[in-house]
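Undergrad: I have a structure here, written as structure tokens, and I will follow up with some questions on it.
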Amino acid sequence: MKFYIPKTQKELAEALGKKDENTYLCAGGTDLVIHLRSQKKFHYSLIDLTHVEELKKIEETEGEIWIGSGVTMTELEKSPVIQKYMPGLAKAASMVGSTQIRNRATIGGNIANASQSSDTMPVLFAYETEAVVLNELGEEKRYLLDDLIEGLERNRLKEKEVLIRFIVKKDSSISGFSKVGSRKAVTISKINGCVKTVLKENILTQVIVYLGAVGAKSTRAGYIEQALEGQRLEEVDFRSLKEAVYAQIEANIPNRSSRHYKKSAAFGVLDTILEELKTQVREVKA
Numbered sequence: 051m052k053f054y055i056p057k058t059q060k061e062l063a064e065a066l067g068k069k070d071e072n073t074y075l076c077a078g079g080t081d082l083v084i085h086l087r088s089q090k091k092f093h094y095s096l097i098d099l100t101h102v103e104e105l106k107k108i109e110e111t112e113g114e115i116w117i118g119s120g121v122t123m124t125e126l127e128k129s130p131v132i133q134k135y136m137p138g139l140a141k142a143a144s145m146v147g148s149t150q151i152r153n154r155a156t157i158g159g160n161i162a163n164a165s166q167s168s169d170t171m172p173v174l175f176a177y178e179t180e181a182v183v184l185n186e187l188g189e190e191k192r193y194l195l196d197d198l199i200e201g202l203e204r205n206r207l208k209e210k211e212v213l214i215r216f217i218v219k220k221d222s223s224i225s226g227f228s229k230v231g232s233r234k235a236v237t238i239s240k241i242n243g244c245v246k247t248v249l250k251e252n253i254l255t256q257v258i259v260y261l262g263a264v265g266a267k268s269t270r271a272g273y274i275e276q277a278l279e280g281q282r283l284e285e286v287d288f289r290s291l292k293e294a295v296y297a298q299i300e301a302n303i304p305n306r307s308s309r310h311y312k313k314s315a316a317f318g319v320l321d322t323i324l325e326e327l328k329t330q331v332r333e334v335k336a
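Residue numbering for the sequence shown follows my numbering, starting at 51 and increasing by one per position.
Here is the structure:
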């Protein structure tokens, strides 16, 4: 067993060069520990990502937000930059597991694990987030995150590659997130979702909706987008929205018995998000 502790991106690239199939990347460890136990793995090496300072920053440029893959859920939740430009991500991070989990779990681990129930994934997809990947040669490459993640715990990262940051372009949108689980807190999502929109005189425009846990990964919900586009936030036609939500779930998971439950759950998620957006607007005006 070997334990690598890189402190810079250069040292991280060097460690990646020594990585084999029995070497694992460890950030918060909240998903990795579960994986190692379930697979009954006892002989392995680790690359500890927690000392690489470049991975632990949230930075703001003139037109972009840079989020290091080592940023924790707690840091996302409390970041003024994330709260201002990506309120849906701050909300999603606040709903991941327990306080102890949020203090350890990182956005990079949450995404790389590629769970279909990931809480941060629908928000990052809605913002058309780019992922920056580092390889063993020290080269950085950018990918559209939606293309990098395949779903069902699969991604397109090569063995000697690691996510190092996420890049989001600034815009004038607002966003909200909600989820439904088996209990009110510390729960894995049975369904979740994000709505991102630009409000023009309180009218929903440029609506983007993603739902999680109704496919191999978070998926775009075109029917719901069409139902919301052009409607006034305070006067949404919930009858047409409900029809759109039901049609979306039927299209996503037509052969799964859970679709009946998820239709009602998804409608509840959308209702909660719309209320959240109204609250954001009122707080801005106050």
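For glycine and all other residues, C-beta sits at the position ideal for the given N, C-alpha and C. All figures in this text were calculated on a predicted structure; none of them were measured in a lab.
1) Whole angstroms is fine: what's the gap from residue 22's alpha carbon to residue 178's?
2) Could I get the ranges of all uninterrupted beta strand (DSSP E) runs contained in the region 66-149, with 3 residues as the minimum, in chain order?
3) In whole angstroms, what is the alpha-carbon distance linking residue 386 and residue 268?
4) Might you give, ordered along the chain, the residues of its own chain that have their beta carbon closer than 7 Å to the beta carbon of residue 282, omitting 5 neighbours on each side?
5) From residue 322 to residue 101, what distance separates their C-alpha atoms?
6) Assuming contact is defined by CB atoms lying nearer than 7 Å, are residue 220 and residue 176 in contact in what I supplied?
7) Would you call the region 296-316 and the region 206-224 touching, i.e. three or more CB-CB distances under 8 Å?
8) Do you know whose CA, among 112, 266, 125, lies nearest residue 204's CA?
9) Is residue 290 near residue 271, with beta carbons less than 7 Å apart?
10) Tell me whether the beta-carbon of residue 243 lies closer than 7 Å to the beta-carbon of residue 138.
11) Helix, strand or coil for residue 225? Go by DSSP, reduced to three states.
12) Which residues does DSSP pair with residue 156 in a beta bridge?
13) Report the option in 105, 76, 145 whose CA atom is closest to the CA atom of residue 123.
14) Would you kindly check if the distance between the Cβ of residue 131 and the Cβ of residue 110 is under 7 Å?
15) Near residue 136, what residues of its chain come up, given a Cβ to Cβ distance below 8 Å and the 5 sequence neighbours on each side ignored?
16) Tell me the DSSP secondary structure of residue 302 in three-state form.
17) Between the C-alpha atoms of residue 222 and residue 53, what's the straight-line distance to the nearest angstrom?
18) Taking the CB atoms as reference points, tell me whether residue 105 and residue 118 lie closer together than 7 Å.
19) Count the other C-beta atoms from every protein chain shown that fall within 10 angstroms of the C-beta of residue 159, then say buried if there are 16 or more, exposed otherwise.
20) If residue 170 sits next to residue 142, beta carbons under 8 Å apart, how far is it from one beta carbon to the other, in whole angstroms?
21) Buried or exposed, going by whether 16 or more other CB atoms sit within 10 Å of the CB of residue 148?
22) Flag this pair as yes or no: are the beta carbons of residue 188 and residue 63 separated by less than 7 Å?
23) DSSP three-state call for residue 181: helix, strand or coil?
TA: On the basis of the data shown:
1) Outside the shown range of the chain (51 to 336) lies residue 22, about which nothing can therefore be said.
2) 73-76, 95-98, 108-110, 114-118
3) Nothing about residue 386 can be read from this structure; the chain reaches only from 51 to 336.
4) Within the sequence shown, the letter at position 232 stands for residue 282. Contacts found: 252, 253.
5) Within the sequence shown, the letter at position 272 stands for residue 322. Within the sequence shown, the letter at position 51 stands for residue 101. If I take the Cα positions, the gap works out to 38 Å.
6) By one-based count along the sequence shown, residue 220 stands at place 170. By one-based count along the sequence shown, residue 176 stands at place 126. Taking 7 Å as the Cβ cut-off, residue 220 and residue 176 do not qualify as a contacting pair.
7) no
8) Here residue 204 refers to the residue found at position 154 of the sequence shown. Measuring from the Cα of residue 204, the nearest candidate turns out to be 266.
9) Looking up residue 290 in the sequence shown gives position 240. Looking up residue 271 in the sequence shown gives position 221. No, they are not a contact pair.
10) Reading the sequence shown from its first residue, position 193 is the one you call residue 243. Reading the sequence shown from its first residue, position 88 is the one you call residue 138. No, these two residues do not count as a Cβ contact at 7 Å.
11) Along the sequence shown, read from residue 1 onward, the residue named residue 225 stands at position 175. It is a strand residue.
12) Stepping through the sequence shown from its first residue, residue 156 is reached at position 106. Per DSSP, 122.
13) Along the sequence shown, read from residue 1 onward, the residue named residue 123 stands at position 73. When only C-alpha atoms are compared, the closest one is 145.
14) Translated into positions along the sequence shown, residue 110 becomes position 60. Translated into positions along the sequence shown, residue 131 becomes position 81. Taking 7 Å as the Cβ cut-off, residue 110 and residue 131 qualify as a contacting pair.
15) In the sequence shown, the residue the question calls residue 136 occupies position 86. Excluding residues within five positions, the ones whose Cβ falls inside 8 Å are 115, 173, 177, 218, 225.
16) Here the question's residue 302 lines up with position 252 in the sequence shown. It is helical.
17) Reading the sequence shown from its first residue, position 172 is the one you call residue 222. Reading the sequence shown from its first residue, position 3 is the one you call residue 53. Spanning the two alpha carbons is a distance of roughly 44 Å.
18) What you label residue 105 is simply residue 55 of the sequence shown in a count that begins at 1. What you label residue 118 is simply residue 68 of the sequence shown in a count that begins at 1. Cβ distance < 7 Å, so residue 105 and residue 118 count as in contact.
19) The residue labelled residue 159 in the question sits at position 109 within the sequence shown. Label assigned to residue 159: buried.
20) Residue mapping note: residue 170 aligns to position 120 of the sequence shown, counting from 1. Residue mapping note: residue 142 aligns to position 92 of the sequence shown, counting from 1. 5 Å between Cβ atoms; contact.
21) Taking the sequence shown and counting its residues from 1, one reaches residue 148 at position 98. That one is exposed.
22) For the purposes of this step, residue 188 is identified with residue 138 of the sequence shown, where counting begins at 1. For the purposes of this step, residue 63 is identified with residue 13 of the sequence shown, where counting begins at 1. It is a contact, given that the beta carbons lie within the stated cut-off.
23) What you label residue 181 is simply residue 131 of the sequence shown in a count that begins at 1. DSSP places residue 181 in strand when its eight states are reduced to three.
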